[in-house]
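Peer 1: Its first residue numbered 1, the sequence shown is counted upward by one per residue in our numbering.
For glycine and all other residues, C-beta sits at the position ideal for the given N, C-alpha and C.
No experiment lies behind these values; they were computed from the predicted model shown.
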Amino acid sequence: MTEFNLIQIAIAILFLPLVGFAFVLFLGKKIKSAYLVEVGILILTFLLTAVLLFNKLYWFADKNIVSEFSWISYKNIAVFGNISIDLGFLLDNLSVIMIFTVALISMLVHIFSIAYMAGDKLYNRYFAYLGLFTFSMSGIVLTHNILMMYVFWELVGISSYLLIGFWYEKKSAPDAGKKAFLVNRIGDIGMFSGIMMLFNTYHTFTFEKIFAQMASGTLPFNSEFWLTVTGLLLFCGAIGKSAQFPLHVWLPDAMEGPTPVSALIHAATMVAAGVFLVCRIFPMLTGDALFIIAVIGALSALIPATIALTQNDIKKVLAYSTVSQLGYMVMALGVGAYKFAFFHLITHAFFKACLFLGSGSVIHAMHHEQDITKMGGLKKKLPLTYATFLIASLALSGIPLTSGFLSKDGILQGTFAFGSLTGYWLFPAVGFVVAMLTAFYMFRLIILTFHGEPKNKEKYDHAHESPFVMAMPLVVLSALSIFIWYTPNPINADAGLFLGKWIKTPSLSVPQNARYSFMKTDLVPEGKAENNRDISNEVKKEGTAEGKEVIYSEAYTEAMHHAHYPAMFLSLFVALTGIVFAFVFYYWKKISADKLARDIKPFYKLSFNKWYFDEIYNATFVTFTMLSSRVLAWFDNTIVDGIVNGAATVTRMISFFTGRFDNIVVDGLVNLMAYLSGFIGLVLRRFQTGRVQTYIVLVVFSLVIILYLFKTF
Numbered sequence: 001m002t003e004f005n006l007i008q009i010a011i012a013i014l015f016l017p018l019v020g021f022a023f024v025l026f027l028g029k030k031i032k033s034a035y036l037v038e039v040g041i042l043i044l045t046f047l048l049t050a051v052l053l054f055n056k057l058y059w060f061a062d063k064n065i066v067s068e069f070s071w072i073s074y075k076n077i078a079v080f081g082n083i084s085i086d087l088g089f090l091l092d093n094l095s096v097i098m099i100f101t102v103a104l105i106s107m108l109v110h111i112f113s114i115a116y117m118a119g120d121k122l123y124n125r126y127f128a129y130l131g132l133f134t135f136s137m138s139g140i141v142l143t144h145n146i147l148m149m150y151v152f153w154e155l156v157g158i159s160s161y162l163l164i165g166f167w168y169e170k171k172s173a174p175d176a177g178k179k180a181f182l183v184n185r186i187g188d189i190g191m192f193s194g195i196m197m198l199f200n201t202y203h204t205f206t207f208e209k210i211f212a213q214m215a216s217g218t219l220p221f222n223s224e225f226w227l228t229v230t231g232l233l234l235f236c237g238a239i240g241k242s243a244q245f246p247l248h249v250w251l252p253d254a255m256e257g258p259t260p261v262s263a264l265i266h267a268a269t270m271v272a273a274g275v276f277l278v279c280r281i282f283p284m285l286t287g288d289a290l291f292i293i294a295v296i297g298a299l300s301a302l303i304p305a306t307i308a309l310t311q312n313d314i315k316k317v318l319a320y321s322t323v324s325q326l327g328y329m330v331m332a333l334g335v336g337a338y339k340f341a342f343f344h345l346i347t348h349a350f351f352k353a354c355l356f357l358g359s360g361s362v363i364h365a366m367h368h369e370q371d372i373t374k375m376g377g378l379k380k381k382l383p384l385t386y387a388t389f390l391i392a393s394l395a396l397s398g399i400p401l402t403s404g405f406l407s408k409d410g411i412l413q414g415t416f417a418f419g420s421l422t423g424y425w426l427f428p429a430v431g432f433v434v435a436m437l438t439a440f441y442m443f444r445l446i447i448l449t450f451h452g453e454p455k456n457k458e459k460y461d462h463a464h465e466s467p468f469v470m471a472m473p474l475v476v477l478s479a480l481s482i483f484i485w486y487t488p489n490p491i492n493a494d495a496g497l498f499l500g501k502w503i504k505t506p507s508l509s510v511p512q513n514a515r516y517s518f519m520k521t522d523l524v525p526e527g528k529a530e531n532n533r534d535i536s537n538e539v540k541k542e543g544t545a546e547g548k549e550v551i552y553s554e555a556y557t558e559a560m561h562h563a564h565y566p567a568m569f570l571s572l573f574v575a576l577t578g579i580v581f582a583f584v585f586y587y588w589k590k591i592s593a594d595k596l597a598r599d600i601k602p603f604y605k606l607s608f609n610k611w612y613f614d615e616i617y618n619a620t621f622v623t624f625t626m627l628s629s630r631v632l633a634w635f636d637n638t639i640v641d642g643i644v645n646g647a648a649t650v651t652r653m654i655s656f657f658t659g660r661f662d663n664i665v666v667d668g669l670v671n672l673m674a675y676l677s678g679f680i681g682l683v684l685r686r687f688q689t690g691r692v693q694t695y696i697v698l699v700v701f702s703l704v705i706i707l708y709l710f711k712t713f
């Protein structure tokens with residue numbers, strides 16, 4: 001298969017879901033089974049992504065395939081100079097693996113929704129919205145430039161808004177949709193600012209052209225500082241879309257949408273777009289930018305994990321778990337563990353989608369009950385759901401023989417190596433603590449939901465296993481949570497093709513820039529790498545940025561190698577510790593969870609109330625915004641409208657006086673002249689008799705008068 005054929009397949013993958021969206025949206029009311037067209041299109045789309053994935057990785061694994069055309073091209077434009085905007089596709093290993101993941105999960109969610117959403121009055125519209133989302137997400141993955149990524153980025157935001165607020169009869173659903181939309185706009189403003197800074201500097205939006213100009217020494221405002229600022233502004237988009245601290249507050253509320261939507265958008269694809277963005281712009285990120293990204297990732301991993309410990313809504317536990325795992329990925333990117341961050345993005349997509357769909361199966365069986373404290377004993381009623389949910393939970397907890405064990409171990413390796421090189425041990429500490437908390441709250445969820453005695457006997461008695469179209473996606477996703485799909489070696493992800501050959505950490509595009517300027521200066525002897533291999537002559541000089549970068553890369557690779565087994569055994573230990581504690585508290589009940597909650601009430605309330613982020617935001621930003629709105633409204637109504645109304649009053653008064661002046665004085669003078677002319681005419685008319693004798697007498701009389709006057713004067 002040729003490169004041209006792969007581009008044609010990519011075009012079909014992008015636009016097929018849009019065709020399904022249009023068909024179902026416009027004909028859904030006339031054709032009751034229109035949704036089947038959308039489902040069929042998604043199955044076809046998935047098959048095409050499988051073909052694309054196989055051919056790209058088999059024939060062109062080491063080559064990036066680009067197809068583009070010029071959309072806008074102007075020369076000598078004021079301020080910007082030459083402008084060239086190209087549109088096109090980029091098929092690299094990153095994009096084809098990601099598009100395969102998106103299409104697979106989207107297809108399974110469509111199939112799952114056939115039964116889950118049965119009977120909904122807006123059944124066809126729901127599938128249309130899913131098609132629009134899949135089209136938007138595919139655009140983000142396949143585009144080769146940051147402008148089109150931003151366009152599809154906003155389309156994903158619209159799709160998310162429509163799906164979160166799908167059940168608009170409930171006030172909480174549209175409120176959650178608006179919250180997600182507005183919070184994401186905050187991050188998107190920053191992202192757009194970063195895009196404009198890139199365009200102002202490079203006059204193009206294409207990734208490869210931007211990176212090439214960076215490599216030649218062109219930087220925003222000729223400063224590394226502004227390159228750091230640009231990277232962080234772009235990262236703001238990821239903070240919003242991937243629900244990173246401090247814009248993470250929208251994701252738990254987004255659980256108001258249908259559960260399959262949570263699996264598609266808020267577990268596997270949309271929230272992953274932010275991490276994918278960071279992967280895409282990784283070559284332009286400076287060391288300072290990456291360090292800030294790592295800090296935000298660490299906070300985003302830790303805080304939601306502590307909140308998930310006390311939540312009782314099954315979907316909200318998974319939502320906070322999602323935020324935490326996304327923080328894991330962002331932290332991994334920040335410390336330089338690029339490959340494992342992307343690996344965890346893919347593995348997490350599968351097992352977290354399985355968990356969300358599994359929760360949907362539970363909610364469906366329990367007649368839309370979502371409180372895990374009102375469940376229990378469902379293991380017997382939902383054996384298949386339980387088995388798949390357990391496998392996915394083991395993967396999320398990082399237990400051996402699962403994909404999550406491999407990817408999470410790699411992230412912990414990366415943080416461990418980073419700590420050993422830079423002295424920042426906070427990152428591995430957060431990583432291991434979060435690993436233990438994750439195992440604890442996931443098995444708390446499993447025990448309260450599937451084990452013990454049923455809390456609601458009536459709903460328990462009516463519970464039954466989900467139908468095939470709901471169970472089949474669970475089986476597929478749980479199977480993809482096993483290690484064998486990624487590597488034959490269950491303890492080393494690098495042994496497989498996924499990380500061993502297909503995914504490589506991209507090189508820097510920024511010259512004269514040390515990745516981590518704060519690293520230790522005594523990492524290796526001058527001119528030598530950790531493995532005693534001579535580094536190139538260009539970077540032998542002690543203290544140069546290039547030298548430090550190469551030395552750090554060598555040292556980091558070596559540190560990752562040495563950290564593999566310590567990180568693996570420690571991560572397994574903390575995961576098992578978390579699971580044991582969950583059983584101690586909720587299964588064996590050796591320690592009363594309720595009593596412990598009372599003993600540490602302030603900490604429990606802090607976790608249960610989600611660290612009061614919503615309350616803080618409402619008391620500060622929301623209140624300030626509303627107060628500002630009221631002040632501006634008062635200013636508009638009182639001052640602006642007062643000036644306008646005052647001007648109108650003055651104008652009316654002036655108009656009244658000018659009107660009276662016109663009517664009385666001007667019109668009076670005109671009328672007076674008319675009356676005077678009429679009067680004179682009336683008088684003179686008496687002398688116009690038509691008799692010559694009379695005229696002669698008047699002439700003579702006039703001459704007498706005139707002569708008299710002349711004689712007098």
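Please report the residue range of the alpha helix (DSSP H) in which threonine 49 lies.
Peer 2: Start and end: 35-59.
Peer 1: Could you tell me the boundaries of the alpha helix (DSSP H) in which valine 715 lies?
Peer 2: Here the chain has residues from 1 to 713 only, and residue 715 is not among them.
Peer 1: Considering histidine 344, what are the terminal residues of the alpha helix (DSSP H) in which it resides?
Peer 2: 338-365 is the span of the alpha helix (DSSP H), which, as asked, contains histidine 344.
Peer 1: Leucine 87 by DSSP, collapsed to three states: which one?
Peer 2: Correct three-state label for leucine 87: strand.
Peer 1: In whole angstroms, what is the alpha-carbon distance linking isoleucine 643 and arginine 630?
Peer 2: Cα-Cα distance, rounded: 19 Å.
Peer 1: Would you check if the distance between the CB atom of threonine 269 and the CB atom of valine 102 is smaller than 7 Å?
Peer 2: A contact, by the Cβ cut-off of 7 Å.
Peer 1: Would a C-beta distance cut-off of 7 Å place glutamine 413 and methionine 560 closer than the cut-off?
Peer 2: Their beta carbons are under 7 Å apart, which means glutamine 413 touches methionine 560 by this criterion.
Peer 1: When you compare each of Trp71, Val96 and Val66 to leucine 90 by their alpha carbons, which one comes out closest?
Peer 2: Among Trp71, Val96 and Val66, the Cα nearest to that of leucine 90 belongs to Val66.
Peer 1: Give the secondary structure of glutamate 465 by DSSP, where H, G and I count as helix, E and B as strand, and everything else as coil.
Peer 2: Correct three-state label for glutamate 465: coil.
Peer 1: My assumption, with CB atoms under 8 Å, is that serine 481 sits in contact with threonine 402. Please give the rounded CB distance.
Peer 2: Right, their Cβ atoms sit about 6 Å apart.
Peer 1: Please report the straight-line C-alpha distance between tyrosine 424 and proline 220, rounded to a whole angstrom.
Peer 2: Going from the Cα of tyrosine 424 to the Cα of proline 220 covers about 29 Å.
Peer 1: Can you tell which of Ala429, Ser478, Gly496 and Asp461 has its C-alpha closest to the C-alpha of phenylalanine 340?
Peer 2: Cα-wise, what sits closest to phenylalanine 340 is Gly496.
Peer 1: Counting beta carbon pairs with one atom in the segment 186-200 and one in the segment 222-230, are three or more of them shorter than 8 Å?
Peer 2: The segment 222-230, when compared against the segment 186-200, does touch it at the 8 Å Cβ threshold.
Peer 1: Can you give me the Cβ contacts of alanine 243 inside the same chain, cut-off strictly under 7 Å, excluding the 5 residues immediately before and after it?
Peer 2: Answer for alanine 243: Trp250, Leu251, Val271, Val323 and Leu326, listed in chain order.
Peer 1: Starting from alanine 110, trace the alpha helix (DSSP H) in both directions and tell me its first and last residue.
Peer 2: First, the residue type needs correcting, since residue 110 is histidine and not alanine in the sequence shown. Run containing histidine 110: 93-116, per the alpha helix (DSSP H) assignment.
Peer 1: Near threonine 712, what residues of its chain come up, given a Cβ to Cβ distance below 7 Å and the 5 sequence neighbours on each side ignored?
Peer 2: Here the set comprises nothing.
Peer 1: In the DSSP assignment, find the unbroken alpha helix (DSSP H) run with isoleucine 616 in it and report its ends.
Peer 2: 613-617 is the extent of the alpha helix (DSSP H) around isoleucine 616.
Peer 1: Please state whether DSSP places threonine 143 in a helix, a strand or coil.
Peer 2: The answer is strand: DSSP assigns threonine 143 an E or B state.
Peer 1: Looking at serine 359 and the ligand HEM, is the gap between the Cβ and the nearest heavy atom below 6 Å?
Peer 2: This structure simply doesn't include the ligand HEM, nor any ligand for that matter.
Peer 1: Under the three-state reduction of DSSP, which class applies to threonine 259: helix, strand or coil?
Peer 2: The answer is helix: DSSP assigns threonine 259 an H, G or I state.
Peer 1: Compare the Cα-Cα distances from serine 361 to each of Val141, Ala471, Ile399 and Leu684 and report the closest residue.
Peer 2: If we check each option's Cα against that of serine 361, Ala471 comes out closest.
Peer 1: Which one or two residues does DSSP pair with threonine 206 in a beta bridge?
Peer 2: Bridge partners of threonine 206: Asn145.
Peer 1: Quick check on threonine 438: does DSSP put it in helix, strand or coil?
Peer 2: Helix at threonine 438.
Peer 1: Taking the CB atoms as reference points, tell me whether leucine 48 and isoleucine 7 lie closer together than 7 Å.
Peer 2: In this structure, isoleucine 7 does not lie closer than 7 Å to leucine 48 by Cβ.
Peer 1: Have a look at Ala173, Thr347, Ala128 and Pro246 and flag the residue whose alpha-carbon is nearest the alpha-carbon of glutamate 256.
Peer 2: The residue with the shortest Cα to Cα distance from glutamate 256 is Ala173.
Peer 1: Among Asp313, His344, Pro400 and Leu396, whose alpha-carbon lies nearest the alpha-carbon of serine 359?
Peer 2: Per the Cα distances, Asp313.
Peer 1: Nearest-angstrom Cα distance between valine 465 and leucine 357?
Peer 2: It should be noted that the sequence gives glutamate, not valine, for residue 465. Distance between the alpha carbons of glutamate 465 and leucine 357 is about 13 Å.
Peer 1: From which residue to which residue does the alpha helix (DSSP H) around proline 400 run?
Peer 2: Premise fails: proline 400 is in no alpha helix (DSSP H) and is neither H nor E.
Peer 1: Have a look at the DSSP bridge pairing and note the partners of valine 66.
Peer 2: DSSP output for valine 66 lists Leu90 as bridge partner(s).
Peer 1: Does leucine 698 pass the burial test, meaning 16 or more other C-beta atoms within 10 Å, or should it be called exposed?
Peer 2: So leucine 698 ends up on the exposed side.
Peer 1: Quick one: what's got a C-beta closer than 7 Å to proline 490's C-beta in the same chain, skipping five residues either side?
Peer 2: Cβ neighbours of proline 490 beyond the five flanking positions: Pro400, Leu401 and Phe483.
Peer 1: Alpha carbon to alpha carbon, how far is alanine 555 from alanine 387?
Peer 2: The alpha-carbon atoms of alanine 555 and alanine 387 are separated by roughly 43 Å.
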